[in-house]
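Presented below is the structure to which this report refers.
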Amino acid sequence: MRGMTRSAPAGSAATAPDLSERQKRHLRGLAHPLKPVIRIGNPGLTEAVVRETARALQDHELIKVKAPGGDRGARDVLVTQLAQLTASALVHRIGNVAVLYRPHESLPRILIPDA
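Numbering (the working numbering), first residue to last: 138 to 252.
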């Protein structure tokens, strides 16, 4: 991870939302038809990727991220770091596609069931 020092992008919540298994299941269902809006390339997790992910979460709240193939452990670390840096919750990961969720601060559009 090159040059990453910030813990969260400007204007975002400092902590990721805590989701119950029921809420994650609901969000997985909503994410199923989505296409990945963020694709992490060979350079890995760059400042631009973090910035674009934060912007996409601000716009959509629920997004899919496609990570590069290769080592599963490295991919898990990459997606976990991206979730931490964008203060989002890692809802689900299958293969090289992960689902991230971060509710909009003032006007959440996705309603999730109570825990």
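Just so it is clear, CB atoms sit at the ideal spot from N, CA and C, and this is done for glycine as well.
- Check whether the Cβ atoms of Leu219 and Val187 lie closer than 8 Å to each other. yes
- From Arg239 to Ile249, what does the alpha carbon distance come to, in whole angstroms? 12 Å
- Task: Can you check DSSP and say which residues form a bridge with Arg176?
- Result: Lys203
- Among Leu199, Asp213, Arg176 and Arg192, which residue has its Cα nearest to the Cα of Ala226? Leu199
- Just to confirm, are Ala168 and Val228 a CB contact at a threshold of 8 Å? Cβ distance < 8 Å, so Ala168 and Val228 count as in contact.
- Same chain, Cβ closer than 7 Å to Pro170, neighbours up to 5 away in sequence not counted: none
- Message: Measuring only the C-alpha atoms, how far is Arg165 from Arg230?
- Response: Spanning the two alpha carbons is a distance of roughly 10 Å.
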